[in-house]
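Only one structure is covered here, and it is reproduced in the block below.
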Amino acid sequence: MISSANLYALTGSGLFSLGLYGLIMYAHLLRKILAINVMGSGIFLLLVALAYRSPGQPDVVPHAMVITGIVVAVSATALALGLMLKLATHSSSTQLPDED
Amino acid sequence: MASLINTFINTLNWPVLLILLPLIGAMICFIWPRSAILTGLITLSAVLCCVAGLTWQLLEHGVYRHPVGGWGAPLGIDLYADGLSLIMLLTTALVGSAISVYSTAYLKPQESTRFWPVWLLLLAALNALFLSADLFNLYVTLELMGLAAVTLTALSATRQAYNGAMRYLLATLLGSLCYLLAIALLYHAYATVDISLLAQRVDSSPVSWAAFGLISAGLALKTALFPLHFWLPPAHSSAPAPVSALLSALVVKASFYILLRVWLEIFAPLGAGAVELFGLLGMLAVVWGSIQALRQTRLKLLIAYSTVAQIGYLFMAFPLASNRPQLWAAVLYLALSHALAKSAMFLSAGNLLKYGGHDRISDLDRVVQRLPLTAAAFALAGVSIMGLPPSGGFISKWLLLEAAITQGRWDLALVMIFGGLLAAAYIFKVLGRTFTQAATTHEARAVPASMEWPALLLALGAIVLGFIAIPMFGLIHIGDAFGLGGVQP
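Chains A and B are the protein sequences, given in the same order. Numbering of the first sequence is given in numbering that gives the first Met the number 0, commencing with residue 0 and proceeding in unit increments. Numbering of the second sequence is given in numbering that gives the first Met the number 0, commencing with residue 0 and proceeding in unit increments.
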């Protein structure tokens, strides 16, 4: 019998792997950036699920970590989107060129 | 009077200042861009003073630990400084100051107003990283450093720069996410992220080895260990020269520092077999990076591939040093020498770029006569990179080579010697061209002294390291991060 915390943790790992696949396989930069966000969400889910050790009393430290992680993820995504727009206006393409 | 100075030095909280000052400086530069250069230079001088104060404090009182806000380790954030962190802070402050002076002359006014706030943020992130005592705080500083470094890469606002920055951003985010996943696993298994508490609780279980695998993969990607180095050459060669120097000298060393710290304090007692892979990848990095460097026709790409090769040496030391912990000091010394020499090389490349308007190696036109200081800086830095005496690179590579031979690791020893020969080949390829007249002569532009001297001083620093090894090794051993148990080498 699988507990709900383990189910969340497994879903989290699944999201991480899915995001990793997306990051490597898709050429479009927006997809890559979204894939990184999916990976991040997977880790956050895993952190929160693993914080539930004993019934009724979740650990608060991972929650604080997730909040910090979300702040970092938002800033990173903003920078990535900004760079993508700059790249798109300079090379009229939303993919990284293959040379070099 | 002397006692007054003594109390002053001991009561000030140097590490807190080391993080706060650049942060405040960055804000001021952002709000008043016109005073950016002045603010930046003042901040850098203050940071140098703080590192000097911290050195004094550590020499007098040993290891430093400070619970921020008085909360203490399991719940709060601790700052921690020992010899290992001190050397990294010292490198950052020295190299950072030289590059800052250089950037005042190199960058255009418009670039300069964008450079200073981000560089000071990067400095704050680096200092905080070297002073962190828990894995999660290291993650946050690692991300701050990564984002600031990516922003600096894009500074010149060309298509190549955006391209390099985007690759770098994707690689660095992937690396951090792997590291964060490892933290989630470790926290679940041992209920702490504090490094010293983890060191007591960790045991040889699948969870801890999975976590170590993820940390290694993530940080090897950020440190550009072969075959995860693909992002480094475009990012480091497309950035402006002072930024390339910062990235090659300091930013890749920071992720290496975390890997070293985590390995030494948490995972090394569990068993040393895992580092053979580091040794193997290190050897491949030395050979591949050096051969690629030799093939390049552009100076900045050559120097960037040389970074890939030199990082290989740092990883080749893992299998050797896990049998003989004294060697870790040599590894750190190699990182320090490389930081000085490589920043000197990138700054010289910047001078040549300003002087000739290009960085094609074959068209370097009688640089020795026209820019003797720059040519000297490049040659002296090359001496340390090749590992010739008397230089910091020689001392550390010699110690590693000696250990490889006494431990019977002929594979490592041969690659070290071969790597040194290849380094000599790619450095003399550049130096040879500086003496000759190019087929097409260019109109040369003047290079100001504030650009030539920082490069030369950094290169001289890499040479001087060859003479001051004994006191420096004394500094490195404060706090005994390498588990020698008080035994000095």
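Backbone N, C-alpha and C fix where the C-beta goes; we use that ideal spot for every residue, glycine too.
Starting from B/PRO66 and walking both ways along the beta strand (DSSP E), at which residues does that stretch end?
-> Walking along the second sequence from the start, residue 66 of chain B turns up at place 67. Its beta strand (DSSP E) spans residues 63 to 66.
Those residues which DSSP pairs with B/LEU78 across a bridge = Working through the second sequence from its first residue, we reach residue 78 of chain B at position 79. B/HIS65, B/SER131, per the DSSP bridge assignment.
Looking at the C-beta of B/VAL142, does it have a partner C-beta in chain A at a distance below 8 Å?
-> Counting from 1 along the second sequence, the entry for residue 142 of chain B is found at position 143. In the sequence on display, residue 142 of chain B carries Glu and not Val. True, the Cβ-Cβ gap to chain A drops below 8 Å.
For chain A, is any of its Cβ atoms less than 8 Å away from the one on B/PHE219?
-> Position 220 of the second sequence, counted from the first residue, corresponds to residue 219 of chain B. One detail in the question is off: residue 219 of chain B reads as Ala in this sequence, not Phe. Nearest CB-CB separation between B/ALA219 and chain A: not below the 8 Å threshold.
Whole alpha helix (DSSP H) runs in the region 317 to 362 of chain B with 4 or more residues, listed along the chain?
-> As summarised for the region 317 to 362 of chain B, the continuous alpha helix (DSSP H) elements at least 4 residues long and confined to that stretch are 326 to 355, given in chain order.
Span of the alpha helix (DSSP H) holding B/LEU459?
-> Here residue 459 of chain B refers to the residue found at position 460 of the second sequence. Unbroken alpha helix (DSSP H) run through B/LEU459: 448 to 463.
Under three-state DSSP, which class holds B/ARG444?
-> Residue 444 of chain B sits at position 445 when you count from the first residue of the second sequence. Coil.
Taking the continuous alpha helix (DSSP H) assigned at B/ARG166, which residues delimit it?
-> On the second sequence, residue 166 of chain B is found 167 positions in, with the first residue counted as 1. Note, B/ARG166: alpha helix (DSSP H), 158 to 189.
For B/PRO116, collect the residues of the same chain with a Cβ closer than 6 Å to its Cβ; drop the 5 residues on either side in sequence, then sort them by chain order.
-> Indexing the second sequence from 1 puts residue 116 of chain B at position 117. Sequence-distant Cβ neighbours of B/PRO116 in its own chain, meaning closer than 6 Å and more than five residues away, are ALA25, CYS28, PHE29.
Starting from the C-beta of B/ALA147, find all residues in its chain whose C-beta is less than 8 Å away, skip the five residues before and the five after it, and write them out in chain order.
-> Residue 147 of chain B sits at position 148 when you count from the first residue of the second sequence. So the qualifying residues of the chain are VAL117, TRP118, LEU120, LEU121, ALA124.
Check A/HIS27 in the structure and name its three-state DSSP category.
-> The sequence position of residue 27 of chain A within the first sequence is 28, counting from 1. A/HIS27 falls in the strand class under three-state DSSP.
At a CB-CB cut-off below 8 Å, which residues of chain B make contact with A/PRO61?
-> The residue labelled residue 61 of chain A in the question sits at position 62 within the first sequence. Residues of chain B passing the Cβ test: ALA183, TYR186.
Would you list, in chain order, the members of the region 32 to 46 of chain A that have their beta-carbon closer than 7 Å to a beta-carbon of chain B?
-> If you check each beta-carbon in the region 32 to 46 of chain A against every beta-carbon of chain B, the ones closer than 7 Å belong to ILE35, MET38, GLY39, ILE42, LEU45, LEU46.
Where DSSP assigns a beta bridge to B/ARG297, which residues make up the other side?
-> Taking the first residue of the second sequence as position 1, residue 297 of chain B is located at position 298. B/ARG359.
Can you check DSSP and say which residues form a bridge with A/GLN94?
-> Stepping through the first sequence from its first residue, residue 94 of chain A is reached at position 95. In the DSSP assignment, the residues bridged to A/GLN94 are A/HIS27.
Taking contact to mean at least 3 C-beta pairs separated by less than 8 Å, is the region 69 to 84 of chain A in contact with the region 13 to 22 of chain B?
-> The answer is no - the region 13 to 22 of chain B does not touch the region 69 to 84 of chain A, with fewer than three Cβ pairs under 8 Å.
What is the residue span of the alpha helix (DSSP H) that B/LEU17 lies within?
-> The residue labelled residue 17 of chain B in the question sits at position 18 within the second sequence. Residues 13 to 30.
Best match in B/LEU58, B/SER342, B/GLU401 for proximity to B/GLY381 [C-alpha to C-alpha] = Position 382 of the second sequence, counting from 1, holds the residue named residue 381 of chain B. That would be B/SER342, whose Cα lies nearest to the Cα of B/GLY381.
If we count the other Cβ atoms within 10 Å of its Cβ and call it buried at 16 or more, is A/TYR20 buried or exposed?
-> Your numbering for residue 20 of chain A matches position 21 in the first sequence. Exposed is the call here.
For B/ASP193, the residue or residues it bridges with in DSSP | In the second sequence, residue 193 of chain B corresponds to position 194, counting from 1. Residue pairing by DSSP puts B/ASP193 in a beta bridge opposite B/ASP133.
If you compare alpha carbons, which of B/SER99, B/GLY163, B/LYS428, B/ALA132 is closest to B/LEU47?
-> Start at 1 with the first residue of the second sequence, and residue 47 of chain B comes out as number 48. Cα-wise, what sits closest to B/LEU47 is B/SER99.
Taking DSSP as the reference, what is the three-state secondary structure of A/THR134?
-> Residue 134 of chain A falls outside the range modelled here, since chain A spans only 0 to 99, and no answer is possible.
Which bits of chain B does A/LEU86 rub up against, with CB to CB less than 9 Å?
-> As a first step, residue 86 of chain A must be located in the first sequence, where it is residue number 87. Ordered by position in chain B, the residues that pass the 9 Å Cβ test against A/LEU86 are ARG158, TYR161, ASN162, ALA164, MET165.
Which value, in whole angstroms, describes the spacing of the CA atoms of B/ILE490 and A/SER90?
-> As shown, chain B starts at 0 and ends at 488. That puts residue 490 of chain B outside it, with no answer to give.
Keeping to the same chain, check which residues put their C-beta closer than 7 Å to that of A/VAL37; ignore five residues upstream and five downstream.
-> Sequence index remark: in the first sequence, residue 37 of chain A carries index 38 (1-based). Excluding sequence neighbours, A/VAL37 sits near LEU14, LEU17, GLY18, GLY21.
If you draw a straight line from the alpha carbon of A/HIS27 to that of B/ALA402, how long is it in whole angstroms?
-> Taking the first residue of the first sequence as position 1, residue 27 of chain A is located at position 28. Taking the first residue of the second sequence as position 1, residue 402 of chain B is located at position 403. Whole-angstrom Cα-Cα distance: 48 Å.
For B/MET315, count neighbouring C-beta atoms within 10 Å of its own C-beta (all shown protein chains included) and say buried if the count is 16 or more, exposed if not.
-> Here residue 315 of chain B refers to the residue found at position 316 when the second sequence is read from its first residue. Here B/MET315 is buried. Its C-beta has 16 or more other C-beta atoms within 10 Å.
Flag A/THR10 as yes if its beta-carbon sits less than 8 Å from any beta-carbon of chain B, otherwise no.
-> Your numbering for residue 10 of chain A matches position 11 in the first sequence. Nearest CB-CB separation between A/THR10 and chain B: not below the 8 Å threshold.
Alpha carbon to alpha carbon, how far is B/LEU293 from B/PRO32?
-> Taking the first residue of the second sequence as 1, we reach residue 293 of chain B at position 294. Taking the first residue of the second sequence as 1, we reach residue 32 of chain B at position 33. Inter-residue distance for B/LEU293 and B/PRO32 is about 41 Å (C-alpha atoms, whole angstroms).
From which residue to which residue does the alpha helix (DSSP H) around B/PHE434 run?
-> The residue given as residue 434 of chain B occupies position 435 in the second sequence. Boundaries of the alpha helix (DSSP H) around B/PHE434: 409 to 434.
Is the beta carbon of B/VAL250 less than 8 Å from the beta carbon of B/MET144?
-> As a working note, residue 250 of chain B is residue 251 in the second sequence. As a working note, residue 144 of chain B is residue 145 in the second sequence. Contact: yes.
Who are the Cβ neighbours of A/ALA34 in its own chain at under 6 Å, not counting the five residues just before and after it?
-> Translated into positions along the first sequence, residue 34 of chain A becomes position 35. Contacts found: GLY18, GLY21, LEU22.
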